[in-house]
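Asks: First the structure, which I've put down as structure tokens, then a few questions once you've had a look.
Number of protein chains: 2
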Amino acid sequence: MSSQRATAFVPGHVTAFFSAHPADDPVVAGSRGAGVTLTDGVTVRVSAGDDPGSPGTGSRTIDGETGSIGAVDDVLDELDAAAAGVAVETDLPIGAGFGVSGAAALGTALAANAAFDRRRSENELIRIAHAAEVARGTGLGDVVAQARGGVPVRLEPGAPGVGELDGVPATARVEYVTFGELSTEVVLGGDTAALSAAGEAALDRLRADPRLPTLMDAAREFASEADLLVPEVAEAITAVDESPEEPDDPGAAMAMLGRTVFALGTGLSDAGYDPEGCRIDAAGARLVGERGRE
Amino acid sequence: MSSQRATAFVPGHVTAFFSAHPADDPVVAGSRGAGVTLTDGVTVRVSAGDDPGSPGTGSRTIDGETGSIGAVDDVLDELDAAAAGVAVETDLPIGAGFGVSGAAALGTALAANAAFDRRRSENELIRIAHAAEVARGTGLGDVVAQARGGVPVRLEPGAPGVGELDGVPATARVEYVTFGELSTEVVLGGDTAALSAAGEAALDRLRADPRLPTLMDAAREFASEADLLVPEVAEAITAVDESPEEPDDPGAAMAMLGRTVFALGTGLSDAGYDPEGCRIDAAGARLVGERGRE
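So the sequence lines, in the order shown, correspond to chains A and B.
Following full-length UniProt numbering, the numbering of the first sequence begins with 1 at its first residue and continues without gaps.
Following full-length UniProt numbering, the numbering of the second sequence begins with 1 at its first residue and continues without gaps.
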């Protein structure tokens, strides 16, 4: 049999607000909340054999450097594909609130399923990636959001078959600036009661008015009530607010969980920042290529 | 207030097999089955006011000619947007099994919601379009499939909140040839018991092995068992089968419900046909632009 390889793309995901819903079963655990998926994301190449130009057997790289992500290894184990070569590539900053670990896990699930001909459905692959990410404590809601694309609203926590999603029907340019890392494990490992109460209130607000300006308003209120706002982000939000370009501009908010500010339209550029720019990703996670079996 | 307009794109959807599940409530009614969504689709432009270059108040056009689609009018009524100008544009043949009416209804829901600032969520808009399409008798499962994109598997019938979806994780080129129309209303209005039994069997097969070659196999078996195969389509399926290019080629199948044959890869070209070509659409229905409110 010829060697098999496949490539998947998974959008970045910036959470605007959330409530944490832990459970013993990682398929059932998750978060409620909302965010935006980004055309900036993570590309995962998986190879089931050695051939030139493909990741070598058993290799693990992140942006070309040797390195592994726990949830990725767990996904490969679950698919009986630990021998895979896996190359993760992303322009997004890692540990800054873009869901890179969830994207890497989901991209690995999609690409390894194709490369190893594992015959799982989309829901099964999302479930495997979600469970791996939750069990590693690196995220609660990124995977299901990244699978859907657009502006996902997590109505009920958990993987497909357990959780429930809706979406804000919208498209927009997104800008972001990152000031550094913030540990998801530390925040999620602490007392999340106040955070979750603020997250539930924000979700109720968005469900009553599912539009982007309301999402951004609810995100700002959540960051402040959950006491997660860091000084550089707070300053950027104020600067975007005071920028005179667009009186109805939806403004900026903090990415959960990262020292990252994001804005819709040209909010950060207008305020004098030098942001990265992309768009809301309509498609969600997807296989982009297969070789060897077709 | 300035005039508002918005544009949505909805992929075409070719149903491979299905079972019909009628119900008094059109939100609950629907179909189980599977198919592929196409990058060839329907673009709907909706204008909430008169301005140059936008569809005029109350106007309805299909590919530039005056004409309306029942489900589109019902969606506009439901959104209190009957004054909208609506321009539907598509390269797909109408009435040939591509879900054009469902796509037009869903695209209208997305674009009218944005143009008229109706503040509905994605699930609500899909529900409105699904109910309109089912009530008009022009389709049962296209709308929910088109909303998801990719290779949608309809596990349970009905709109979001009632139905349930999965997907075959795959990407591929799709080719198609159309030989003419076939009335969805006539087939769905007749005795659907044998058809639905064949559809359920095909779905069980695909769930056990969610891959494209299995989808195509199950589709061929369904068309034959449900006695829906028309001569030109049967001939094309045989021709693709006998084409020597690729021994493992997944072959061709009939689009439900149309006098249309579709193939993955280059099956129809290889067999000497002159097909239209596109790809599986990863994204599903999406808003592609808004003006006036941002």
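Every residue gets a Cβ at the ideal spot worked out from N, C-alpha and C, and that includes glycine.
Between which two residues does the beta strand (DSSP E) containing B:Val-14 stretch?
Replies: It spans 5-21 - the beta strand (DSSP E) in which B:Val-14 sits, taken as one unbroken run.
Asks: Whose C-beta lies closer than 6 Å to the C-beta of A:Ala-147 among residues of the same chain, with five residues either side of it excluded?
Replies: For A:Ala-147, where only same-chain residues beyond five positions count, the Cβ hits under 6 Å are Ile-126, Gly-284, Ala-285.
Asks: Please report the straight-line C-alpha distance between A:Asp-204 and A:Gly-33, rounded to a whole angstrom.
Replies: Between A:Asp-204 and A:Gly-33, the C-alpha separation is close to 10 Å.
Asks: Using the three-state DSSP reduction, which class does A:Ala-114 fall into: helix, strand or coil?
Replies: Here A:Ala-114 sits in helix by DSSP.
Asks: Does DSSP classify A:Ile-237 as helix, strand or coil?
Replies: In the structure shown, A:Ile-237 sits in a helix (DSSP, three-state: H, G or I).
Asks: What did DSSP end up calling A:Asp-40 once you bin it into helix, strand or coil?
Replies: In the structure shown, A:Asp-40 sits in a strand (DSSP, three-state: E or B).
Asks: What residues in its chain sit with their C-beta under 6 Å from that of A:Thr-39, if we drop five residues either side in the sequence?
Replies: Excluding positions up to five away in sequence, the list reads Cys-278, Arg-279, Asp-281.
Asks: Using Cβ-Cβ distances below 8 Å, what residues of the region 206-233 of chain B are close to chain A?
Replies: Residues Arg-207, Asp-209, Pro-210, Arg-211.
Asks: Shorter than 7 Å, the distance from the beta carbon of A:Val-86 to the closest heavy atom of the ligand NAD, or not?
Replies: Absence of the ligand NAD from the depicted structure is noted, as is the absence of any ligand whatsoever, leaving it without description.
Asks: Taking three-plus beta-carbon pairs below 8 Å as touching, is the region 82-94 of chain B in contact with the region 63-70 of chain B?
Replies: A contact exists between the region 82-94 of chain B and the region 63-70 of chain B.
Asks: Nearest chain B C-beta to A:Asp-166 closer than 8 Å, yes or no?
Replies: Yes, A:Asp-166 counts as interfacial toward chain B.
Asks: State the start and end residues of the unbroken alpha helix (DSSP H) segment that holds A:Ile-128.
Replies: Per DSSP, A:Ile-128 belongs to the alpha helix (DSSP H) from 122-136.
Asks: Distance cutoff 8 Å, beta carbons only. Does B:Arg-259 sit that close to anything in chain A?
Replies: It does not: the Cβ of B:Arg-259 has no partner Cβ on chain A nearer than 8 Å.
Asks: Going by alpha carbons, who is nearest to B:Thr-37 out of B:Val-100, B:Pro-26, B:Thr-61?
Replies: Of the listed residues, the one whose Cα sits closest to B:Thr-37 is B:Val-100.
Asks: Determine the extent of the beta strand (DSSP E) in which B:Val-174 is found, giving its start and end residues.
Replies: First-last of the beta strand (DSSP E) with B:Val-174: 173-180.
Asks: Apart from the five residues just before and just after B:Glu-294, which ones in its own chain have a Cβ nearer than 6 Å to its Cβ?
Replies: Caution applies to B:Glu-294, whose pLDDT of 40 falls short of 50 and renders its modelled position unreliable; the value that the coordinates give is listed next. Same-chain partners within the cutoff: there are none.
Asks: Using a beta-carbon distance cut-off of less than 8 Å, what residues from the region 62-95 of chain A approach chain B?
Replies: The region 62-95 of chain A vs chain B, Cβ under 8 Å: nothing.
Asks: I'd like the list of long-range same chain contacts for residue 317 of chain B, defined as Cβ closer than 8 Å, with 5 residues on each side in sequence excluded.
Replies: The structure shown has nothing for residue 317 of chain B, since chain B only spans 1 to 294.
Asks: Using a Cβ-Cβ cutoff of 7 Å, what residues of the region 8-40 of chain B are near chain A? List them in chain order.
Replies: Per Cβ criterion, the list is empty.
Asks: When you compare each of B:Met-216, B:Val-240, B:Thr-7, B:Pro-52 to residue 295 of chain B by their alpha carbons, which one comes out closest?
Replies: Here chain B covers residues 1 to 294 and nothing more, so residue 295 of chain B does not appear.
Asks: Who are B:Gly-85's beta bridge partners in DSSP?
Replies: Note: B:Gly-85 sits in a beta bridge opposite B:Ser-47.
Asks: Less than 8 Å between the beta carbons of B:Val-233 and B:Met-256, yes or no?
Replies: Not a contact, by the Cβ cut-off of 8 Å.
Asks: In chain order, what residues of the region 249-274 of chain A put their CB closer than 8 Å to some CB of chain B?
Replies: Against chain B - using a Cβ distance shorter than 8 Å - the residues of the region 249-274 of chain A are Gly-265.
Asks: Can you tell me where the beta strand (DSSP E) with A:Met-254 in it begins and where it stops?
Replies: Run containing A:Met-254: 252-254, per the beta strand (DSSP E) assignment.
Asks: Determine the burial state of A:Thr-57: buried for a count of at least 16 other Cβ atoms within 10 Å of its Cβ, exposed for fewer.
Replies: By the neighbour-count rule (16 or more Cβ atoms within 10 Å), A:Thr-57 is not buried but exposed.
Asks: Could you tell me the alpha carbon to alpha carbon distance between A:Phe-98 and B:Ala-135, rounded to whole angstroms?
Replies: Near 42 Å, if we compare the C-alpha coordinates of B:Ala-135 and A:Phe-98.
Asks: Taking A:Thr-108 as the query, report the chain B residues whose CB atoms sit under 8 Å from its CB, ordered along the chain.
Replies: The contacting residues do not exist; A:Thr-108 stays about 12 Å from chain B at best.
Asks: Could you name the residues of chain A that B:Ser-47 contacts, counting a contact when the two beta carbons are closer than 8 Å?
Replies: Ordered by position in chain A, no residue passes the 8 Å Cβ test against B:Ser-47, which lies about 17 Å from the chain.
Asks: If distances are taken between C-alpha atoms only, which option among A:Thr-260, A:Ala-23, A:Leu-287 comes closest to A:Glu-276?
Replies: Nearest option by C-alpha distance: A:Thr-260.
Asks: Looking at the structure shown, is A:Asp-24 part of a helix, part of a strand, or coil, going by DSSP?
Replies: Looking at A:Asp-24 - three-state DSSP - the assignment turns out to be coil, as it is neither helix nor strand.
Asks: Please confirm whether A:Glu-122 has its beta-carbon closer than 8 Å to some beta-carbon of chain B.
Replies: Chain B, which has a Cβ nearer than 8 Å to the Cβ of A:Glu-122, makes this yes.
Asks: Which same chain residues end up closer than 6 Å to B:Pro-210 when comparing Cβ atoms and leaving out the 5 residues on each side of it in sequence?
Replies: So the list reads Val-168, once near-sequence residues are dropped.
Asks: CA-CA distance, A:Glu-122 and A:Gly-180?
Replies: About 33 Å.
Asks: With a 10 Å radius around its C-beta and 16 neighbouring C-beta atoms as the bar for buried, classify B:Gly-53 as buried or exposed.
Replies: Counting Cβ neighbours within 10 Å, B:Gly-53 comes out exposed, since fewer than 16 surround it.
Asks: B:Pro-169 touches chain A at which residues, Cβ-Cβ below 8 Å?
Replies: Near B:Pro-169 (Cβ distances below 8 Å), the residues of chain A are Leu-110, Asn-113, Ala-114, Arg-120, Ser-121, Glu-122, Leu-125, Leu-287.
Asks: Can you name the start and end residues of the beta strand (DSSP E) that B:Phe-98 belongs to?
Replies: Taken as a continuous stretch (DSSP letters only), B:Phe-98 belongs to no beta strand (DSSP E), as it is neither H nor E.
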